[in-house]
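Contents: one structure, followed by commentary.
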Amino acid sequence: MLAKKEVTLCLSCGSAVKGRADKKFCNDYCRNEYNNGLKSGTTNLVRNINNALGKNRRILEAVITANQETGKTNAEKLLAKGFQFKYFTHTYTNKKGDVYYFCYDMGYLPLENDWFLIVKRKEETN
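Encoded structure:
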């Protein structure tokens, strides 16, 4: 007597899957659709924040010219370029107690009258 073969259904569209016994999707489109659906909820939030951090970094980087280590700009110029102060990757507090806000390797130190000192973190040598 032959064993009855169990039909596997596609996790995305529900149609019958043909092929290997461990196959879960009927085609690449359904596989991509299913996996993108799993990632869409929290991934959109993370993607949007990463995009904002990247934009902030590029804006800070543009303030410093090639032969300088630091630069200065004001809040108005940063905001005009789309800088979002609520997004930063980490802070650094120096010995004097000054708090630098960083977007990856580019940082800023708030100064008086809405001015900012822009710095680039030096690469650590091991």
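For the sequence shown, the numbering used here begins at 609 and goes up steadily by one.
For every residue, glycine included, the Cβ atom is placed at its ideal position computed from N, Cα and C.
Separation of residue j from residue i, as counted between CA atoms
| i | j | result |
| --- | --- | --- |
| residue 698 | residue 719 | 18 Å |
| residue 638 | residue 692 | 37 Å |
| residue 672 | residue 647 | 37 Å |
| residue 667 | residue 655 | 18 Å |
| residue 721 | residue 677 | 22 Å |
| residue 661 | residue 670 | 14 Å |
| residue 630 | residue 651 | 28 Å |
First through last residue of the alpha helix (DSSP H) which encompasses residue i
| i | result |
| --- | --- |
| residue 685 | 683-688 |
Residue range of the beta strand (DSSP E) that includes residue i
| i | result |
| --- | --- |
| residue 705 | It is not in any beta strand (DSSP E) - residue 705 carries neither H nor E in the DSSP assignment. |
| residue 725 | 723-728 |
| residue 716 | 714-718 |
Classification of residue i by the beta-carbon crowding that lies within 10 angstroms, buried from 16 upward
| i | result |
| --- | --- |
| residue 665 | buried |
| residue 687 | exposed |
| residue 620 | buried |
| residue 625 | buried |
| residue 726 | buried |
| residue 627 | exposed |
Residues bridged to residue i (per DSSP)
| i | result |
| --- | --- |
| residue 674 | Beta-bridge pairing links residue 674 to no other residue. |
| residue 711 | 714 |
| residue 624 | 617 |
| residue 699 | 709 |
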